[in-house]
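Converting from the sequence shown to the numbering used here requires adding 162 to each position, the first position being numbered 1. We treat Cβ as the ideally placed atom computed from N, Cα and C, and that holds for glycine. Beneath this line is the structure, given in structure tokens, with notes to follow.
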Amino acid sequence: MRILSIETSCDETAIALVEGEEKPSVVFNLVSSQIELHKITQGIVPEVAARAQLEAILPMISEAKKLGASAQNIDAIAVTYAPGLVGSLIVGVEGAKTLGALWQKPVYGIHHLEGHIYAAFAQMKSKEIHFPVLALVVSGGHTELVLMKKHFHYEIIGSTRDDAAGEAFDKIARLIGLGYPGGPAISQAALKHKETKKSAQLNLPRPMLTDKSLDFSFSGLKTAVLYKVPEEGLNPAQVHEYAHETERAIIDVLVGKTRQALHKNFVSTLILAGGVSANKLLRREIKKLRSEFPIEVIIPPFDYTTDNAAMIGLAAWHRLALAELPSADFKVMPRLKLSDINKS
Ligand code: KG4
Ligand code: ZN
């Protein structure tokens with residue numbers, strides 16, 4: 163089975179080829195990023211992102227063809243149809259549908275977050291995944307604890323009430339004078355922080371950490387930074403200190419809530435998913451939960467953490483392998499929740 167997959171839900175134009183009979187493997191995974199463009203505005207302007215998607219999609223399809231994708235050697239096309247920025251999603255969906263019509267291949271719609279989750283199952287047979295699975299999905303647009311009792315069935319047991327974790331990284335990075343995207347910028351700056359007697363007094367809040375619900379909230383953290391940053395701005399050592407404390411605060415909350423979810427639910431496998439799962443400290447802290455609970459912890463390979471098309475191909479591969487066909491009659495759904503795709 164060979165699946166060509168396309169992902170354009172936000173600011174990356176990505177195309178990948180996933181193949182395999184017993185288990186999936188990624189043949190290529192190409193990503194054209196708009197990071198340089200959004201550095202200028204220090205964040206994504208949807209109209210700008212959609213136009214850039216339009217410019218990138220045909221060159222990306224040409225690259226995929228150069229690497230061997232053709233009507234003869236693929237069986238299906240998979241594309242992200244939800245959720246995301248409407249203008250960006252349309253480019254990928256219409257591109258995939260056009261290619262499917264020309265090459266006479268079925269085209270399947272995949273939910274972006276299902277893609278992030280199944281990125282953790284790269285190179286695993288569908289039957290090797292042990293349920294129940296708990297997924298901590300952390301990206302620029304989402305922060306969710308998702309319980310899966312079986313394949314393709316999602317129960318959202320916790321989610322953010324305001325900003326997503328990635329959004330908090332991005333917004334706080336802007337407040338302390340670091341670039342876009344904020345996640346990698348903050349974690350690099352945090353590494354330069356040197357603990358002194360004067361430092362470690364920032365004491366940023368860990369919102370909702372002791373609250374009984376499994377929900378998150380990050381806007382208070384952003385506001386706390388806003389009020390603490392002095393009017394004259396920060397010197398480099400202070401920037402490192404703010405970055406260090408911000409990263410710690412966000413990760414303390416993510417790990418703390420995941421721990422609470424594990425106490426409340428019987429789980430065999432814990433996975434980390436979404437762009438923020440590129441964060442090395444978070445990866446380390448989540449892995450440590452293995453010593454507290456009898457669980458297997460799976461962290462996606464770095465290349466499949468931030469938005470990419472391999473993850474969409476991997477989700478489609480597992481669906482086709484288990485004959486749980488993804489939607490073939492679909493249109494762009496910018497706000498569709500993950501639990502909305504459960505079979506009733
Ligand atoms: O999944 P993703 O690529 O796009 C969305 O679906 O939103 O996630 C992007 C988010 C951004 O907010 C970015 O700052 C964050 O992931 N991110 C990170 C790191 N790399 C990317 N956050 C923390 N640490 C990182 N190393
Ligand atoms: Zn994403």
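{"query": "Assigned exposure category for Pro369 - 16 Cβ within 10 Å defines buried", "result": "buried"}
{"query": "Close Cβ partners of Val588 (< 7 Å) along its chain, the five nearest in sequence each way excluded", "result": "No information on residue 588 is available, as it lies outside the stretch 163 to 506 that the chain covers here."}
{"query": "Cβ-heavy atom distance, Ser250 to ligand 2, below 6 Å", "result": "no"}
{"query": "Near ligand 2: Ser321 beta-carbon under 6 Å from a heavy atom", "result": "no"}
{"query": "Check your reading: residues with Cβ closer than 6 Å to ligand 2 heavy atoms", "result": "His274, His278, Ser301, Gly436, Gly437 and Asp469"}
{"query": "Assigned secondary structure, His355 (DSSP; H/G/I helix, E/B strand, else coil)", "result": "coil"}
{"query": "Reduced DSSP secondary structure (H/G/I, E/B, other) of Ile334", "result": "helix"}
{"query": "Selected residue, minimal CA-CA separation from Val417, among Ser349, Lys493, Pro268 and Thr305", "result": "Thr305"}
{"query": "Ala411 vs Leu383 beta-carbon contact at 7 Å", "result": "yes"}
{"query": "Pairwise C-alpha distance: Glu394 and Glu276", "result": "44 Å"}
{"query": "Met310 in three-state terms, based on DSSP", "result": "strand"}
{"query": "Identity of the residues DSSP links to Leu434 by a beta bridge", "result": "Leu298"}
{"query": "When Gly436, Tyr280 and Lys426 are compared against Pro186, the one with the closest alpha-carbon", "result": "Tyr280"}
{"query": "Distance cut-off 6 Å: Ser167 Cβ against heavy atoms of ligand 1", "result": "no"}
{"query": "Helix, strand or coil at Ser288 [DSSP, three-state]", "result": "helix"}
{"query": "8 Å contact criterion, which Ser430 and Ile460 should meet: CB distance rounded", "result": "Incorrect: roughly 11 Å between the Cβ atoms, too far for contact."}
{"query": "Close Cβ partners of His274 (< 7 Å) along its chain, the five nearest in sequence each way excluded", "result": "Ser171, Thr242, Ala244, Pro245 and Gly246"}
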